[in-house]
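Counting from 1, one number per residue, gives the positions in the sequence shown under my numbering. Glycine included, each C-beta is placed from N, C-alpha and C at the ideal position. Here's the structure, in C-alpha cells; my notes come after.
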Amino acid sequence: QFESIGFIGLGNMGSRMANNLVKAGYKVAVHDINENSMKKFSDMGVDTKKTPFEVAEDSDVVITMLPSSSHVDNVYTGPNGLIHGGNLLRPRLLIDSSTIDPQTSRKLSETVSNCILKGKKDNWETPKMLDAPVSGGVLAAEAGTLTFMVGGSEEAYLAAKPLFLSMGKSTVYCGGAGNGSAAKICNNLAMAISMLGVSEALALGQSLGIAASTLTKVFNCSSARCWSSDTYNPVPGVMEGVPSTRNYDGGFASKLMAKDLNLAASAAKAVGLKCPVTFQTQKIYTELCQDGHENKDFSCVFRHYYSGKNE
Ligand code: NAD
C-alpha cells in the first residue's frame with residue numbers, strides 16, 4: 001500500500017531499521033542532522049534529504065527514530081519540519097518509533113489529524129499518526145527482530161503492519177494515540193525493577209553462602225524466574241553471552257534506562273499515581289550514571305550496588 005518511505009534519525013537503531021526497509025525493497029529517503037550518518041546511506045545509493053520537510057514532500061509514510069520528545073516535536077512542527085505551514089501534509093501516515101512520553105505522542109497525533117492531506121490518494125480524510133516504539137536493542141534492529149508496540153488508529157496500524165514486519169518480528173496493537181509510548185515506558189519500568197530485584201536477591205543469597213549460579217538455578221525453576229534471571233542474568237559468569245560476562249559492555253546502556261525511568265516517573269506524577277518503587281528505581285539508575293557507568297549495560301547495577309565492590 002505504501003511505496004515511498006521517509007526515515008528520519010539514522011542513529012544506532014534508525015540506521016539499521018532504515019537499512020532493513022531498503023533491503024525489503026521499499027523506495028526510501030533519509031534524513032539526519034549528522035552528515036556522516038547520511039553519507040553511509042548516500043554511498044549505498046539511498047536518497048538523502050536536507051530537511052524533514054524535504055523528506056515529507058517525497059514520501060507516503062515518514063518514520064522517525066529520534067533521541068527524545070523535544071527532538072520529535074521539533075522534527076514534526078519546527079522550522080522545515082514535516083508539517084508545512086502547520087497544516088499541510090503529503091504523507092498519509094507518520095510513525096514515531098522513538099521512546100517518548102505519551103503526552104507528546106498524543107499532542108502530535110492531534111496536530112497531525114488536524115492537518116489537510118495534500119494530494120489525497122485514498123479514503124483517509126486526514127493524515128494519521130502512530131506512536132510505535134520498539135523493544136529489542138541494536139542487535140534486534142540489525143536482525144529485523146524488533147517488537148513494535150503501537151498506539152493510534154487501528155486502520156492505520158493494519159496498513160502499516162507490513163512495514164513493521166520488515167523491521168521486526170512482532171507487533172502489538174495497544175489502542176489509541178499515546179498507548180504505544182505508554183506501553184514502552186511501562187515495559188522498561190518493569191524490566192528495570194526486575195533487574196534490581198534479581199540483583200538484590202542474588203547478592204543477599206551470596207552473602208548467606210549460596211552461589212549466584214545455584215540460586216539462579218533455583219529461581220529459574222521456581223516463582224522468581226523472569227527475564228532478568230533466565231535470559232539476561234546480571235552476575236558475571238552465571239550465563240554465557242550476556243553483558244555481565246563481558247564487563248557489562250554492549251547491551252542496553254544505563255543512560256538509556258535512566259531516560260526511560262525519567263519518562264515513567266514523570267508519567268506517574270502527571271496522573272497522580274503513587275509509585276514508590278518507580279521513584280526509588282529512578283534514583284538508583286540516575287546514581288549509576290552519575291558514578292560514570294552511563295555507557296555500561298544497565299545490568300551493571302549488580303556490580304555497583306550489590307557485589308560489595310562498589311567503586
Ligand atoms: P541515537 O542517539 O543513536 O540516534 C538518534 C539519531 O537522531 C542520531 O543519528 C541523531 O543525529 C539524530 N537526530 C537528533 N536530532 C535530530 C533532528 N532534529 N533531525 C534529524 N535527526 C536528528 O539513538 P538510538 O539509540 O538510535 O535511539 C533512538 C530512540 O530509540 C530513542 O528514543 C531510544 O530511547 C529508543 N530505543 C533505543 C534502543 C537502543 O538499544 N539503543 C532500544 C529501544 C529503543
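Residues near residue i by beta carbon distance below 6 Å, same chain, minus five either side
{"i": "Phe-164", "result": "Phe-148, Thr-171"}
Rounded straight-line distance, which links the Cα of residue j to that of residue i
{"i": "Ala-56", "j": "Met-195", "result": "41 Å"}
{"i": "Thr-48", "j": "Asn-19", "result": "13 Å"}
{"i": "Glu-110", "j": "Ala-264", "result": "22 Å"}
{"i": "Ile-83", "j": "Trp-124", "result": "17 Å"}
{"i": "Ser-316", "j": "Lys-118", "result": "Because the chain is modelled from 1 through 311, residue 316 falls outside the range shown and cannot be assessed."}
{"i": "Ala-270", "j": "Gly-180", "result": "17 Å"}
{"i": "Ala-159", "j": "Asp-230", "result": "36 Å"}
{"i": "Glu-154", "j": "Leu-93", "result": "12 Å"}
{"i": "Ser-59", "j": "Val-30", "result": "10 Å"}
{"i": "Asp-32", "j": "Pro-67", "result": "12 Å"}
{"i": "Cys-186", "j": "Ala-268", "result": "10 Å"}
{"i": "Thr-314", "j": "Gln-206", "result": "No information on residue 314 is available, as it lies outside the stretch 1 to 311 that the chain covers here."}
{"i": "Ser-228", "j": "Lys-120", "result": "48 Å"}
{"i": "Glu-142", "j": "Ser-15", "result": "9 Å"}
{"i": "Thr-244", "j": "Cys-300", "result": "According to the sequence provided, residue 244 is Ser. The question's Thr does not apply to it. In a straight line, the C-alpha of Ser-244 is about 7 Å away from that of Cys-300."}
Sequence-distant residues of the same chain with beta carbon closer than 7 Å to residue i, five excluded per side
{"i": "Ala-24", "result": "Ser-166"}
{"i": "Tyr-157", "result": "Leu-130, Val-150, Tyr-173"}
{"i": "Cys-115", "result": "Ile-83, Asn-87, Leu-88, Leu-89, Thr-126, Pro-127"}
Coarse secondary structure for residue i, derived from DSSP in three states
{"i": "Thr-64", "result": "strand"}
{"i": "Asn-310", "result": "Confidence at Asn-310 is low in this model, with a pLDDT of 42, below 50, so the placement of that residue should be treated as unreliable; the coordinate-derived value is given next. Three-state result, Asn-310: coil."}
{"i": "Ile-5", "result": "strand"}
{"i": "Ser-59", "result": "coil"}
{"i": "Ala-224", "result": "coil"}
{"i": "Ser-15", "result": "helix"}
{"i": "Lys-283", "result": "helix"}
{"i": "Thr-312", "result": "This structure cannot settle anything about residue 312, because the visible part of the chain is limited to 1 through 311."}
{"i": "Leu-202", "result": "helix"}
{"i": "Met-239", "result": "coil"}
{"i": "Ser-70", "result": "helix"}
Residue burial classification, residue i (beta-carbon count within 10 angstroms, cutoff 16)
{"i": "Cys-221", "result": "exposed"}
{"i": "Val-150", "result": "buried"}
{"i": "Gln-282", "result": "buried"}
{"i": "Ala-182", "result": "buried"}
{"i": "Pro-234", "result": "buried"}
{"i": "Pro-162", "result": "exposed"}
{"i": "Asp-96", "result": "buried"}
{"i": "Arg-246", "result": "exposed"}
Strand pairing of residue i, partner residues [DSSP]
{"i": "Ala-253", "result": "Asp-297"}
{"i": "His-84", "result": "Leu-88"}
{"i": "Leu-128", "result": "Residue identity check: residue 128 is Lys in the sequence provided, not Leu. Lys-128 pairs with Leu-93."}
{"i": "Asp-47", "result": "Ala-29"}
{"i": "Thr-147", "result": "Ser-135, Ser-170"}
{"i": "Ile-116", "result": "Leu-88"}
Same chain, Cβ closer than 8 Å to residue i, neighbours up to 5 away in sequence not counted
{"i": "Pro-91", "result": "Gly-6, Ala-56, Ser-59, Asp-60, Val-61, Val-62, Leu-82, Pro-127"}
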